[in-house]
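Inspection log for the structure reproduced underneath, given as structure tokens.
Residue numbers (the working numbering), protein chains in the order written: chain A, 1 to 206; chain B, 1001 to 1378.
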């Protein structure tokens, strides 16, 4: 009974091991796919931020701190960043949803005629930077989550492979050995009994 | 015939000649007064002379180059201290200090220029300074709507127009939108503020700003009327504003209807069909075609080329202001008149903007060449 249970358990454990290995491989594929995009997204965000801050300096030089601050107070806040999740191989990864922060001139909130074109430059630059930073942040968060999950899965897989399955195999082997041993003993006992019985019969008949 | 004397009654030849001379002088005076109307310029003689005197104290090219070439912000302040701004600069340690000091100088100078006028004769100057009223009002309203501390809001204003510092301070201290509207109730700004309070959530400040800009140009239309030099300057200003607005609209994706609502009427060169072509243009190249054969065409075309090179609109902003500086100098070419005074005020505005630009550039570590591409000198 125990042997049957153990063999059944071994089968389930081996199947679980296979599934964990598949999960790990799928997670790694997804991780590498996101990693390949990450370098590009990071570069894009960095370049956009650099340009936006350079445009900001140009605007401060052209307009002065006071005027630029006044216009900035008129700019309407960018749309909020929404956070949702999606599942990748059972792992919840974040999805940053942001309405395109790049807005037409009429939606920014400041009057056109009384402002300098450098203001458009700065506003547009930071809107673009926000969009690229949101995409970068999402990728970074996805990579972190996937990496943690890959590590967890790998540890579980290793635990099954190196500890649980070997223990089960050992237990099964031991039980089989014990059962064989018992069988051999039974066989030997039976043989002995038979021999004794034959000797007894022989003694009686002689 | 010798010995014959010419006379008419009791008058002899000498008397007749004298009478003819007097008549000619009187006739000459009448013609002069009717044609040249010198009494019109008499109220501006002193203000013009005063402005010319102040104009001579503006920074020279060498001084500007020295400022732009300074090694650091500290050496910039040290060089500026040796100019007419020196007395205001004691203790200035940062860009904000310099900006505050320059604004103070501008306010004091505008006040002193205003005081040279006889009562009722400085309407065009007041009309021009409306620009600062509009700027100050926008800053105060934005400060209140964004819940800034009054002190922080007041740092953005330059109290040089008709709206007094006391009124602006009161407005900056307004607790909410309703109290801000009540401060300006009964003025031309009252209805605009009430409308803003209703529309702000949907539209932001865009409609409010547009209405204020319209008021500014209307004030100048009225104040500059019948002063040809000023009307020419205002016409050029409107033309340049329209060109810049059209280029921005095409770059930023505004619709034709939205653009049509923003363009100003009354330009010198761009009017009627040319303005329509600006609206209908499908891109920047078509805008440049629409302004072809105007005095602005070559400069704007070159500026647009540099904008593409820089991937920035700074060259366009600089070019427009350089043309405007040229027009303001033309305004000041007459020997006496309001044009001289306004030309000086604009020169001072540009000088102060230039100094602020250099100061900020030095704080950011920009070199002389980088600064030169970003500043507009008088």
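Don't be surprised by glycine CBs; every beta carbon is placed ideally from N, CA and C.
Treat the numbers as computed from the prediction; the structure is a model and nothing was measured.
Can you find the residues in the same chain that come closer than 6 Å, C-beta to C-beta, to residue 1081 of chain B, ignoring five residues on each side of it along the sequence? 1089
Could you give the first and the last residue of the continuous beta strand (DSSP E) run that contains residue 81 of chain A? 81 to 88
Are the CB atoms of residue 1335 of chain B and residue 1224 of chain B within a distance shorter than 9 Å? no
Between residue 1352 of chain B and residue 1331 of chain B, is the Cβ-Cβ spacing less than 9 Å? no
Can you list, in chain order, the residues of its chain whose CB lies under 8 Å from that of residue 136 of chain A, leaving out five sequence neighbours each side? 38, 41, 42, 44 and 45
Residue 1208 of chain B at chain A interface by Cβ criterion, 9 Å: yes
Among the residues of its own chain, which have a CB less than 6 Å from the CB of residue 1262 of chain B, if the five just before and after it don't count? 1245
Compute the Euclidean distance between the alpha carbons of residue 1069 of chain B and residue 1057 of chain B, then round it to the nearest angstrom. 21 Å
Which of the residues in the region 1062 to 1078 of chain B, read from start to end, lie with their CB under 8 Å from any CB of chain A? none
Cβ separation of residue 1183 of chain B and residue 1170 of chain B, assumed to be a contact under 8 Å, to the nearest whole Å: 6 Å
Per DSSP, the bridge partner or partners of residue 98 of chain A: A:81
According to DSSP, simplified to helix, strand and coil, what is residue 1012 of chain B? strand
Evaluate residue 123 of chain A with the Cβ neighbour count: other Cβ atoms within 10 Å of its Cβ, from every protein chain shown; 16 or more gives buried, anything less gives exposed. buried
Under 8 Å Cβ to Cβ from residue 24 of chain A, same chain only, skipping five residues before and after it: list those, please. 150, 153, 154 and 157
Bridge partners of residue 91 of chain A, per DSSP? A:88
Do the region 1123 to 1138 of chain B and the region 1155 to 1171 of chain B meet, that is, are 3 or more Cβ pairs less than 8 Å apart? yes
Figure out for me which residue from A:5, A:142, A:52 and A:106 has the closest Cα to the Cα of residue 30 of chain A. A:142
Interfacial residues, the region 1235 to 1248 of chain B to chain A, with Cβ spacing under 7 Å: 1241, 1244, 1245 and 1248
If we call anything under 9 Å between Cβ atoms a contact, is residue 1054 of chain B one with residue 1296 of chain B? no
Kindly give me the distance between the Cβ atoms of residue 1319 of chain B and residue 1300 of chain B, rounded to whole angstroms, as I take these residues to be in contact under 8 Å. 6 Å
Is residue 105 of chain A close to chain B? Criterion is C-beta to C-beta, closer than 9 Å. yes
May I ask you to verify whether the region 1253 to 1261 of chain B touches the region 1191 to 1208 of chain B, counting CB pairs closer than 8 Å and requiring at least 3? no
Evaluate residue 177 of chain A with the Cβ neighbour count: other Cβ atoms within 10 Å of its Cβ, from every protein chain shown; 16 or more gives buried, anything less gives exposed. exposed
Own chain, CB closer than 6 Å to residue 1095 of chain B, minus 5 neighbours either side, in chain order: 1359, 1360 and 1363
Cα separation between residue 1251 of chain B and residue 1285 of chain B? 11 Å
Within a Cβ cutoff of 8 Å, which residues of the same chain sit near residue 81 of chain A, ignoring the five residues on either side of it in sequence? 96, 97, 98 and 134
Should residue 73 of chain A be flagged as near chain B, meaning a C-beta pair shorter than 9 Å? yes
Buried/exposed call for residue 1044 of chain B, threshold 16 Cβ in 10 Å: buried
Ignoring anything shorter than 4 residues, give me the alpha helix (DSSP H) runs that lie fully in the region 1167 to 1254 of chain B, in order along the chain. 1177 to 1183, 1190 to 1203, 1206 to 1223 and 1228 to 1252
CB-CB under 8 Å to residue 102 of chain A, same chain, minus the five flanking residues each way: which ones, in chain order? 124, 127, 128 and 131
Determine whether the Cβ of residue 115 of chain A lies closer than 9 Å to any Cβ atom of chain B. yes
Short Cβ contact (9 Å threshold) for residue 61 of chain A with residue 1232 of chain B: no
Can you grab the Cα-Cα spacing for the pair residue 1149 of chain B / residue 1107 of chain B, in whole Å? 23 Å
Between the Cα of residue 1322 of chain B and the Cα atoms of B:1103, B:1236 and B:1248, which residue gives the shortest distance? B:1236
Beta carbons nearer than 7 Å to chain A: which residues of the region 1151 to 1168 of chain B have them? 1155 and 1156
Could one say the Cβ of residue 1268 of chain B lies closer than 9 Å to chain A's Cβ atoms, at least one of them? no
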